[in-house]
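Colleague: Per the numbering used here, the sequence shown starts with residue 16, numbered consecutively. Every residue, glycine too, gets a C-beta built ideally from N, C-alpha and C.
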Amino acid sequence: MGSISISTPLLRADSIPNELRFSPRLKRNQDMDFMFRYFLGIEGWVYTPGFWFQYNQHRATQISDSYHLGMQYAELFDSVYDYWQRNKGWIPNANRWMVGEFASGIALSLYCRGRISKANKAALFAVTPPFSALQFISRSWDFARFHLTRVGRRVWKKGGIQ
16 MGSISISTPL
26 LRADSIPNEL
36 RFSPRLKRNQ
46 DMDFMFRYFL
56 GIEGWVYTPG
66 FWFQYNQHRA
76 TQISDSYHLG
86 MQYAELFDSV
96 YDYWQRNKGW
106 IPNANRWMVG
116 EFASGIALSL
126 YCRGRISKAN
136 KAALFAVTPP
146 FSALQFISRS
156 WDFARFHLTR
166 VGRRVWKKGG
176 IQ
């Protein structure tokens, strides 16, 4: 029997931009990637407790059946990075901090898995403000310093950011 998944938020059709689609590069975690990019583009949301979906369990192959293969951190970063580059003009300013936060977390995960080149790109993106306010510069540096020092000296010796 396949695995069961958690529910997804109920989305208004008119709140989904035409540019937002599931990423075919991701074999797993498409829902997480889609929802992150969706929340970048909305100005607010409402929580309504209760069950607002019907789940039909089936025996066919499901994407969640391959979750034991691990997260696709590099592909997740590429998806969000590409989406940001194409759509940063309309993403609300109040949501832009999420991009740096996401990239710094992905950088840490990539460092821990030995993906140094991609981790360097994610870390640099996380601390290079694609945001127009000076408020983010110190915050970005704090995020980067916190995440990158957690990785430990072992990673630095492998050729990470010096």
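Between Ser94 and the rest of its own chain, which residues show a CB-CB distance below 6 angstroms, the 5 nearest in sequence each way excluded?
Modeller: Residue mapping note: residue 94 aligns to position 79 of the sequence shown, counting from 1. The residues are Ser38, Asp48.
Colleague: Below 8 angstroms on the Cβ atoms is my contact criterion, and I expect Gln87 with Arg43 to pass it. Report the Cβ-Cβ distance as a whole number of Å.
Modeller: For the purposes of this step, residue 87 is taken as residue 72 along the sequence shown, with counting starting at 1. For the purposes of this step, residue 43 is taken as residue 28 along the sequence shown, with counting starting at 1. Between Arg43 and Gln87 the Cβ distance is about 6 angstroms, and since that is below 8 angstroms, they are a contact.
Colleague: Given a cut-off of 7 angstroms on the beta-carbon distance, is the pair Phe92 and Ile121 in contact?
Modeller: Reading the sequence shown from its first residue, position 77 is the one you call residue 92. Reading the sequence shown from its first residue, position 106 is the one you call residue 121. Cβ distance < 7 angstroms, so Phe92 and Ile121 count as in contact.
Colleague: Rounded to a whole number of angstroms, what is the C-alpha to C-alpha distance between Asn33 and Ala118?
Modeller: Walking along the sequence shown from the start, residue 33 turns up at place 18. Walking along the sequence shown from the start, residue 118 turns up at place 103. Distance between the alpha carbons of Asn33 and Ala118 is about 24 angstroms.
Colleague: To the nearest angstrom, how far is it from the Cα of Ala138 to the Cα of Phe51?
Modeller: As a first step, residue 138 must be located in the sequence shown, where it is residue number 123. As a first step, residue 51 must be located in the sequence shown, where it is residue number 36. Their backbone Cα atoms lie some 18 angstroms apart in a straight line.
Colleague: Quick check: does the Cβ of Asn108 come within less than 6 angstroms of any heavy atom belonging to the ligand HEM?
Modeller: This structure simply doesn't include the ligand HEM, nor any ligand for that matter.
Colleague: Assuming Phe140 contacts Tyr96 (C-beta within less than 8 angstroms), just tell me the rounded distance between them.
Modeller: Taking the sequence shown and counting its residues from 1, one reaches residue 140 at position 125. Taking the sequence shown and counting its residues from 1, one reaches residue 96 at position 81. The Cβ separation is near 6 angstroms, so the contact holds.
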